[in-house]
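These notes concern the structure reproduced below.
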Amino acid sequence: MRCVQMTATGGPEVLQPAECPQPEPGAGQVRVRLAAAGINPVDTKIRHNGLFDPSAALPAILGCDGAGTVEAAGSGVDGLEPGDRVLFLNGGIGLEPGNYAEQAVVDARFVAALPEAVDLASAAATPLAAITAWEGLFDRGRLEAGERVLVHAGAGGVGHLAVQLARSAGAHVITTVSDDAKERFVRGLGADEVIRYRERDFAEAARACTGGRGVDLVLDTVGGETCARSVHALATYGRLVTILALPAEEVDWKHARLHNLAVTQELMLSPMVLDRDDLRIHQRSVLEACARRLADGTLRTHVAQRFPLEEAAQAHRTLEAGGTVGKLVLEIGG
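Under our numbering, the first residue of the sequence shown is numbered 479, with each subsequent residue one higher.
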């Protein structure tokens, strides 16, 4: 089968087209013919820094996100059969082969059914970003209807899904963007208020949007100084969830303590890294919920650009250049 392999750590040039043997499903597994694979920032970080398992040998196939059609099922698989359309998050970090390939073998328990109404490329761009947004807002952030949430980088891969999910949950959604085009984009997704962070201090603006009270929840998708300053956008007893590592030395912990703020991290790869099947099954349920919303139009994954499989290196260059609205995908086949 055709695939793209990471042949070494380094720049995008280490991603090389190759031919690999067709994978065969074992007991409880399905083989999926991939139509598309999502591109995520974690892919570029792994390419640059190395695999999660430092003992794993190169070459490796990257890509956590996939969507396609079931080709074959191993023994003991119930509820999935050849021809079924599916999406999933699996592999791509050095523990199992990823989805920059024509085919992938996946534990059937982690595969979500995909309605016919959903475009396969859009579906492939969804899993990692949607699970991150869902867990950050609801599992970690405990967002409830009527609350005010600040989503950083609302036009980004995670951010644009978080804006929609928060809005559909009945929250008042405030988000940050950099320019006119991104502001129009997030308003089209349902953002109630938009902060141009290059023109206004976002913490001051968030407090102004809430009559000086501050927001109930911040979902930080940027990290660093943005994460640290976010504690000043929160109301007393507010919650900060970041999808990046905490900048511990920069956070005003005295302010956080005084206002009884909860500060939480969200890494949706943890269930896969820690081999927690129970948590991965929960993530599949999140994907099933998102797939239904994609089908009925209440959730939209915006695909900014599509690349042929063999142009994975160029897709990485595009992502690392910054400024992408929504997601990038590799189109692989039917």
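We treat Cβ as the ideally placed atom computed from N, Cα and C, and that holds for glycine.
Nonlocal neighbours in the same chain, by C-beta distance under 8 Å from residue i, ignoring five residues either side
{"i": "Ser-748", "result": "Arg-754 and Leu-757"}
{"i": "Thr-776", "result": "Gln-642 and Ser-646"}
{"i": "Val-764", "result": "Ala-608, Ile-609, Trp-612 and Glu-613"}
C-alpha gap between residue i and residue j, whole angstroms
{"i": "Gly-634", "j": "Thr-610", "result": "12 Å"}
{"i": "Ile-673", "j": "Asp-658", "result": "11 Å"}
{"i": "Ala-781", "j": "Leu-736", "result": "According to the sequence as given, residue 781 is Val; it is not Ala. Straight-line Cα distance between these residues: approximately 42 Å."}
{"i": "Ala-535", "j": "Ala-773", "result": "39 Å"}
{"i": "Pro-503", "j": "Leu-598", "result": "22 Å"}
{"i": "Thr-688", "j": "Gly-648", "result": "16 Å"}
{"i": "Trp-731", "j": "Glu-613", "result": "24 Å"}
{"i": "Gly-619", "j": "Gly-516", "result": "25 Å"}
{"i": "Ala-799", "j": "Thr-487", "result": "19 Å"}
{"i": "Gln-581", "j": "Met-479", "result": "7 Å"}
{"i": "Arg-691", "j": "Ala-513", "result": "47 Å"}
{"i": "Phe-680", "j": "Ala-686", "result": "10 Å"}
{"i": "Gly-561", "j": "Tyr-578", "result": "21 Å"}
{"i": "Gly-666", "j": "Ser-533", "result": "46 Å"}
{"i": "Arg-795", "j": "Val-596", "result": "28 Å"}
{"i": "Leu-745", "j": "Ser-553", "result": "32 Å"}
{"i": "Glu-677", "j": "Ala-791", "result": "34 Å"}
{"i": "Gly-506", "j": "Ser-708", "result": "44 Å"}
{"i": "Val-741", "j": "Leu-718", "result": "5 Å"}
{"i": "Asp-531", "j": "Leu-752", "result": "11 Å"}
{"i": "Ala-496", "j": "Leu-787", "result": "11 Å"}
{"i": "Ile-759", "j": "Asp-585", "result": "10 Å"}
Own chain partners of residue i with C-beta closer than 7 Å, once the 5 adjacent residues on each side are dropped
{"i": "Val-629", "result": "Gly-637, Ala-640, Val-641, Ala-644, Val-651, Thr-653 and Leu-697"}
{"i": "Val-693", "result": "Arg-626, Val-627, Leu-628, Ile-652, Ala-684, Ala-711, Leu-712, Ala-713 and Gly-716"}
Helix, strand or coil at residue i [DSSP, three-state]
{"i": "Gly-650", "result": "Reading the sequence as shown, one finds His at residue 650 and not Gly. If DSSP states are grouped into helix, strand and coil, His-650 belongs with the strands."}
{"i": "Asp-543", "result": "strand"}
{"i": "Gly-516", "result": "strand"}
{"i": "Glu-766", "result": "helix"}
{"i": "Val-555", "result": "coil"}
{"i": "Leu-806", "result": "strand"}
{"i": "Glu-497", "result": "strand"}
{"i": "Leu-643", "result": "helix"}
{"i": "Ala-723", "result": "coil"}
{"i": "Ala-443", "result": "In the structure as shown, the chain starts at 479 and stops at 812, and residue 443 therefore has no counterpart that could be examined."}
{"i": "Arg-511", "result": "strand"}
{"i": "Val-636", "result": "helix"}
{"i": "Ala-607", "result": "helix"}
{"i": "Pro-560", "result": "coil"}
Close beta carbons around residue i, own chain, < 6 Å, minus the five adjacent residues each side
{"i": "Gly-569", "result": "Pro-575 and Gly-576"}
{"i": "Cys-705", "result": "Asp-698, Thr-720 and Pro-725"}
{"i": "Ala-550", "result": "Pro-503 and Arg-509"}
Interface flag, residue i vs chain B, CB-CB below 8 Å
{"i": "Asp-753", "result": "Looking at the structure shown, chain B is missing, and only one protein chain is on hand."}
Residue i, enclosing beta strand (DSSP E) - first and last residue
{"i": "Gly-716", "result": "712-720"}
{"i": "Asp-670", "result": "Note, Asp-670: premise wrong, no beta strand (DSSP E); not H, not E."}
{"i": "Arg-480", "result": "480-484"}
{"i": "Glu-695", "result": "Per the sequence presented here, residue 695 reads as Leu, with Glu not at that position. From DSSP, the beta strand (DSSP E) with Leu-695 extends over 693-698."}
{"i": "Ala-582", "result": "581-585"}
Endpoints, the alpha helix (DSSP H) within which residue i is located
{"i": "Ala-791", "result": "790-798"}
{"i": "Cys-687", "result": "680-687"}
{"i": "Pro-749", "result": "748-751"}
{"i": "Ile-706", "result": "The displayed chain sequence assigns Ala, not Ile, to residue 706. From DSSP, the alpha helix (DSSP H) with Ala-706 extends over 702-707."}
For residue j and residue i, believed in contact at Cβ under 8 Å, the rounded distance
{"i": "Gln-500", "j": "Val-482", "result": "Their Cβ separation, rounded to whole angstroms, is 16 Å, which puts Gln-500 and Val-482 out of contact at 8 Å."}
{"i": "Ala-590", "j": "Leu-565", "result": "6 Å"}
{"i": "Met-750", "j": "Leu-573", "result": "7 Å"}
{"i": "Leu-567", "j": "Leu-615", "result": "That belief does not hold up - the Cβ atoms of Leu-567 and Leu-615 are roughly 17 Å apart, past 8 Å."}
{"i": "Met-484", "j": "Pro-537", "result": "6 Å"}
Residue i: CB within 7 Å of a non-hydrogen atom of the ligand ATP
{"i": "Val-564", "result": "For the ligand ATP, the structure offers nothing, since it holds no ligand at all."}
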